[in-house]
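If you read the protein sequences in the order shown, they are chains A and B. Going by the numbering used here, the first residue of the first sequence is number 1, and it counts up by one from there. Going by the numbering used here, the first residue of the second sequence is number 1, and it counts up by one from there.
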Amino acid sequence: MRHLLAATAMVLASATLAAAEGQLQLYNWGNYTSPELLAKFEKETGIKVTVTDYDSNDVALAKVEAGGSGFDLVVPSASYVPIWVEKGLVQELDLTKLPNHKNIAPEWLDVAWDPGRKYSVPWQWGSTGIAVNTKVYGGDINTSAVFLDVPPELVGKINVVPEMIDIVSLATMYVGGTACSDDPEVMKKARDVLLAAKPNWISMDYGATERLSNGDWAASVNWNGSTMRARMATNGDVQYGYPKEGYPIFMDSVMLLQDATNVEEAYKFIDFIMVPENAAMISAFARYANGIAGSDAFMPEDMKTAPEVVVPEEHKAAGVFLPTCTGKGLEYMTAIWTELQK
Amino acid sequence: MAKPGFEINRLPGFATIALGAFVLLYLPIATLVVYSFNGSNSVATWGGFSLHWYDKAWANADVKAATMRSLIIGVSAAVLSTTLATLAALGTTRRRAFKGQTFIYVMINQPLMVPEIVTAVALLIFFGILKVATGYQGLGYLIAAHTAFCIPFAYLPIRARLESMDLSLETAAADLYASPWQTFRRVTLPLLAPGIMAGAMLAFVISLDDVVITEFVKSGGQDTLPTYMLGQLRRAFTPEVNAISTMLLGVTVVLLTAFFLLTRKKD
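Right, dumping it as structure tokens:
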């Protein structure tokens, strides 16, 4: 018993030293941070990084907003970046401390949610598209019609991931509108298309990597990284389509918290992950692209050529960053989604 | 006692419904356990028997650290909450009924009634203020929070035990010139011990399983086993999570069995 108390006291005491020399507190999505990357960083700088997990943007935001979270860095999705800035939860980055800031690829520098990258630097990015088993369906897969106007071969065999923003946005762009539109005409059309297509879907579920690989589903609206794994598991039968009507791109970016205690260490880490070789380590672990120019050379062989990771030139233009949806647009979106779930 | 013709297990469909309920309850758990022994890296396609994922979970430093943390919090919360619950149970049963007793009873059991997310958000805000004011970020917050919601779980079996214990034994001890302390130490406490043990084990299991409150209260580097597993959700699960779950399930089953054996009425 005495030993237990002593051990407990030690744990309690050591935890108060979070702001000590050579520490860094990273608050990131679970299973998203390469352990090799952290080991290399510790070896080079002597700074030990502690990773704490979250599983949604909202939880991360709520915890930090409550104050005293003790974290230094956080990795929100693009549409949440402006919210963190607006609420004053993050610091503007001192770019003179980040010599590797110049490595950010030009297309990721002047992004709508953080022009000039004054608050955030790229962690990883990917897209939502359509995965199709080409043995079952040989037609054009680079269109949302695959799930919104289901071809006969795929009727009752296609899945749709239950992600409101991705799915409603794909439908809105399919009918010629812009994502998160507040035009009732456009949203009405998107609703009709979705409701008409739904009877042809097999399910609205997660787990596409598995079910595409074992043939349960012949197609699914899906993320690129997951589709890449399904393609490799099926020897190339499963292919990834980029809907030409428009498809959502997501990116998670690293931000420095306003109440960070290990600020110098945080700058070192932010600069470290913008070194191409290190950015490639992040990608190699989680299987998404990273947004740092020159990192391709260090990528694992199977990712260098993957059409899911390296977006083919002809499909680049259709990629859309989803705006932070508010007001009427969000209201319509939620209403459509609720109706679709019935 | 039941009226003739109204025994529930004689009603038509009883067996079917009971069977269905058991299948729904236990089939998913059985599937989870089976796939923890999967040879491939899938949680849904069988690839031969293997202990690979147990190996992997065992070698995973994050899992180890989270397990240690879960145990430290669980044991601390169990000890503290059981001590408090024992005192509360003695105070509410070993005396004549008093005004406001029901009110106190409800207050003690409040964590059972209030939705967990409400407590979690309240603690998030409250501890947030404390963390800023004191600069202390340690495990103390998690232990305090877990202790608080474990109290009713420890309290109920202890109180039940006390209520079934005959007060005349303590009265007899007092008649034989035992001091109140001697009576408590030699008569009440030994009789109460199974209830206390049961309460402590239940409290430990409840603390070990908690997700919502822990997720909101934890500071940097304080992932427990359940919040660590929750964090894996966004990327594809591997059977490693099944292996961890199965081990967690094993610990829970052992403790609940012990709880059952300790609280079982001796015939």
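Ideal Cβ positions, reconstructed from N, Cα and C, are used throughout, including at glycine. Please read all numbers here as calculations on a predicted model, not as lab measurements.
Practice problem: Tell whether a beta-carbon distance below 7 Å holds between A:Asp271 and A:Leu98. | Solution: Walking along the first sequence from the start, residue 271 of chain A turns up at place 271. Walking along the first sequence from the start, residue 98 of chain A turns up at place 98. Yes, the Cβ-Cβ distance between A:Asp271 and A:Leu98 is below 7 Å.
Quiz item: How about the region 212 to 221 of chain A and the region 189 to 200 of chain A: do they share at least three Cβ pairs that are nearer than 8 Å?
Solution: With the cut-off at 8 Å, the region 212 to 221 of chain A and the region 189 to 200 of chain A do not touch.
Quiz item: Nearest to A:His101 by CA position, among A:Ala293, A:Met232 and A:Glu314, is which residue?
Solution: Stepping through the first sequence from its first residue, residue 101 of chain A is reached at position 101. Closest option to A:His101, Cα to Cα, is A:Ala293.
Quiz item: Under a three-way DSSP split, which group does A:Phe250 fall into?
Solution: Position 250 of the first sequence holds residue 250 of chain A. Note: A:Phe250 maps to strand in three-state DSSP.
Quiz item: What are the complete alpha helix (DSSP H) segments, minimum 4 residues, inside the region 80 to 160 of chain B?
Solution: 101 to 108, 110 to 113 and 116 to 134
Exercise. Consult DSSP for A:Ala7 and reduce its assignment to one of helix, strand or coil.
Key: To locate residue 7 of chain A, count along the first sequence from 1; it is residue 7. With a pLDDT of only 48 at A:Ala7, under the threshold of 50, the placement of this residue in the model should not be trusted; the figure read from the coordinates follows. Reduced to three states, the DSSP call for A:Ala7 is helix.
Quiz item: With a cut-off of 7 Å, does the C-beta of A:Gly329 fall near any C-beta of chain B?
Solution: On the first sequence, position 329 is the one that residue 329 of chain A refers to. No, because no Cβ of chain B sits closer than 7 Å to the Cβ of A:Gly329.
Exercise. Take A:Val136 as the anchor and find which of A:Tyr267, A:Val90, A:Pro151 and A:Asn142 has the nearest alpha-carbon.
Key: For the purposes of this step, residue 136 of chain A is identified with residue 136 of the first sequence, where counting begins at 1. Distances from the alpha-carbon of A:Val136 to those of A:Tyr267, A:Val90, A:Pro151 and A:Asn142 put A:Pro151 closest.
Quiz prompt | Contact set for A:Val168: own chain, Cβ-Cβ below 7 Å, skip 5 residues either direction | solution = Here residue 168 of chain A refers to the residue found at position 168 when the first sequence is read from its first residue. Result list for A:Val168: Ala190, Met333, Ile336 and Trp337, in chain order.
Exercise. Report the partner residues of A:Lys157 according to the DSSP bridge assignment.
Key: The residue given as residue 157 of chain A occupies position 157 in the first sequence. None; A:Lys157 has no bridge partner.
Quiz item: B:Pro226: which of B:Val254, B:Gly74 and B:Leu261 sits nearest, CA to CA?
Solution: Residue 226 of chain B sits at position 226 when you count from the first residue of the second sequence. The residue with the shortest Cα to Cα distance from B:Pro226 is B:Gly74.
Self-check item: Buried versus exposed, by CB contacts within 10 Å (16 or more), A:Phe71
Solution: Here residue 71 of chain A refers to the residue found at position 71 when the first sequence is read from its first residue. A:Phe71 is buried by the Cβ-count criterion.
Self-check item: Proximity of B:Thr82 and B:Ala200 at Cβ, strictly below 7 Å
Solution: Numbered from its first residue, the second sequence carries residue 82 of chain B at position 82. Numbered from its first residue, the second sequence carries residue 200 of chain B at position 200. Cβ atoms of B:Thr82 and B:Ala200: closer than 7 Å.
Practice problem: Kindly indicate the opening and closing residues of the beta strand (DSSP E) around A:Tyr54. | Solution: Here residue 54 of chain A corresponds to residue number 54 of the first sequence, with the count starting at 1. Element bounds for A:Tyr54: Lys48 to Tyr54.
Practice problem: Name, going along the chain, the residues of the region 97 to 125 of chain B whose beta-carbon falls closer than 9 Å to a beta-carbon of chain A. | Solution: Val121, Leu124 and Ile125
Quiz prompt | Where the beta strand (DSSP E) through B:Leu176 begins and ends | solution = Along the second sequence, read from residue 1 onward, the residue named residue 176 of chain B stands at position 176. Neither: B:Leu176 is in no beta strand (DSSP E) and is coded neither H nor E.
Quiz item: Taking 6 Å as the cut-off, does the CB of A:Glu86 come closer than this to any heavy atom belonging to the ligand SAH?
Solution: In the structure on display, the ligand SAH does not appear, and there are no ligands present to speak of.
Quiz item: According to DSSP, which residues form a beta bridge with A:Gln25?
Solution: Position 25 of the first sequence holds residue 25 of chain A. In the DSSP output, where bridge partners are listed per residue, A:Gln25 has A:Thr50.
Quiz item: Going along the chain, which residues of the region 210 to 231 of chain A sit with their C-beta nearer than 9 Å to a C-beta in chain B?
Solution: Glu210, Arg211, Ser213, Asn214, Asp216, Gly225, Ser226 and Arg229
Quiz item: When the cut-off is 7 Å and only beta carbons count, does A:Thr52 lie next to chain B?
Solution: Taking the first sequence and counting its residues from 1, one reaches residue 52 of chain A at position 52. Yes, its Cβ sits closer than 7 Å to a Cβ of chain B.
Practice problem: Just the chain B side, please: which residues come within less than 7 Å of A:Val81 by C-beta, in chain order? | Solution: Numbered from 1 along the first sequence, position 81 holds the residue referred to as residue 81 of chain A. Here the premise fails: no neighbours, minimum Cβ distance about 18 Å.
Practice problem: Indicate the three-state DSSP secondary structure (helix, strand or coil) for B:Phe216 in the structure shown. | Solution: As a working mapping, residue 216 of chain B is identified with position 216 in the second sequence. Helix.
Quiz item: Measuring CA to CA, which of A:Phe298, A:Tyr267, A:Asn262 and A:Ala284 is closest to A:Glu277?
Solution: If you number the first sequence from 1, residue 277 of chain A lands on position 277. The residue with the shortest Cα to Cα distance from A:Glu277 is A:Phe298.
Practice problem: Consult DSSP for B:Thr224 and reduce its assignment to one of helix, strand or coil. | Solution: Your numbering for residue 224 of chain B matches position 224 in the second sequence. Coil.
Quiz item: So is A:Tyr247 buried or exposed if we call it buried at 16+ other beta carbons inside 10 Å?
Solution: Within the first sequence, residue 247 of chain A is the residue found at index 247, counting from 1. Buried: at least 16 other Cβ atoms inside 10 Å.
Quiz item: Counting pairs of Cβ atoms below 8 Å between the region 127 to 138 of chain B and the region 209 to 227 of chain B, do you hit three or more?
Solution: yes
Self-check item: Sheet register partners of A:Glu130 (DSSP bridge)
Solution: Position 130 of the first sequence, counted from the first residue, corresponds to residue 130 of chain A. A small correction: the amino acid at residue 130 of chain A is Ile; Glu does not occupy that position in the sequence shown. Looking at the DSSP assignment, A:Ile130 forms a beta bridge with A:Val221 and A:Gly241.
Self-check item: Continuous alpha helix (DSSP H) stretch holding A:Val186: start and end
Solution: In the first sequence, the residue the question calls residue 186 of chain A occupies position 186. Per DSSP, A:Val186 is one residue of the alpha helix (DSSP H) stretching across Pro184 to Ala197.
Quiz item: In or out: A:Leu95 buried (at least 16 other Cβ within 10 Å) or exposed?
Solution: Translated into positions along the first sequence, residue 95 of chain A becomes position 95. Exposed is the call here.
Practice problem: Please report how far the alpha carbon of A:Gly139 lies from the alpha carbon of A:Asn133, in whole angstroms. | Solution: Counted from its first residue, the first sequence places residue 139 of chain A at position 139. Counted from its first residue, the first sequence places residue 133 of chain A at position 133. Cα-Cα distance, rounded: 11 Å.
Quiz item: Which bits of chain A does B:Phe35 rub up against, with CB to CB less than 9 Å?
Solution: In the second sequence, residue 35 of chain B corresponds to position 35, counting from 1. Rather than Phe, the amino acid found at residue 35 of chain B in this sequence is Tyr. Going along chain A, no residue has its Cβ under 9 Å from B:Tyr35, so there is no contact; the nearest lies around 11 Å.
Practice problem: Taking B:Ala77 and B:Ile143 to be in contact with their CB atoms under 8 Å, please state how far apart those CB atoms are, rounded to whole angstroms. | Solution: If you number the second sequence from 1, residue 77 of chain B lands on position 77. If you number the second sequence from 1, residue 143 of chain B lands on position 143. Indeed they touch by this definition, with Cβ atoms about 6 Å apart.
Quiz item: Apart from the five residues just before and just after A:Ala222, which ones in its own chain have a Cβ nearer than 6 Å to its Cβ?
Solution: Within the first sequence, the letter at position 222 stands for residue 222 of chain A. It should be noted that the sequence gives Asn, not Ala, for residue 222 of chain A. Contacts found: Ala131 and Ala208.
Quiz item: How about A:Tyr288 and A:Gln25: do their beta carbons lie closer than 7 Å?
Solution: Residue 288 of chain A sits at position 288 when you count from the first residue of the first sequence. Residue 25 of chain A sits at position 25 when you count from the first residue of the first sequence. Going by C-beta atoms, A:Tyr288 is not nearer than 7 Å to A:Gln25.
Quiz item: So with Cβ pairs under 7 Å, would you call B:Val205 a contact of chain A?
Solution: Translated into positions along the second sequence, residue 205 of chain B becomes position 205. No, no contact with chain A.
Quiz prompt | Range of the contiguous beta strand (DSSP E) that encloses A:Ile202 | solution = Locating residue 202 of chain A in the first sequence gives position 202, where the first residue counts as 1. Counting along the chain, the beta strand (DSSP E) containing A:Ile202 begins and ends at Trp201 to Ser203.
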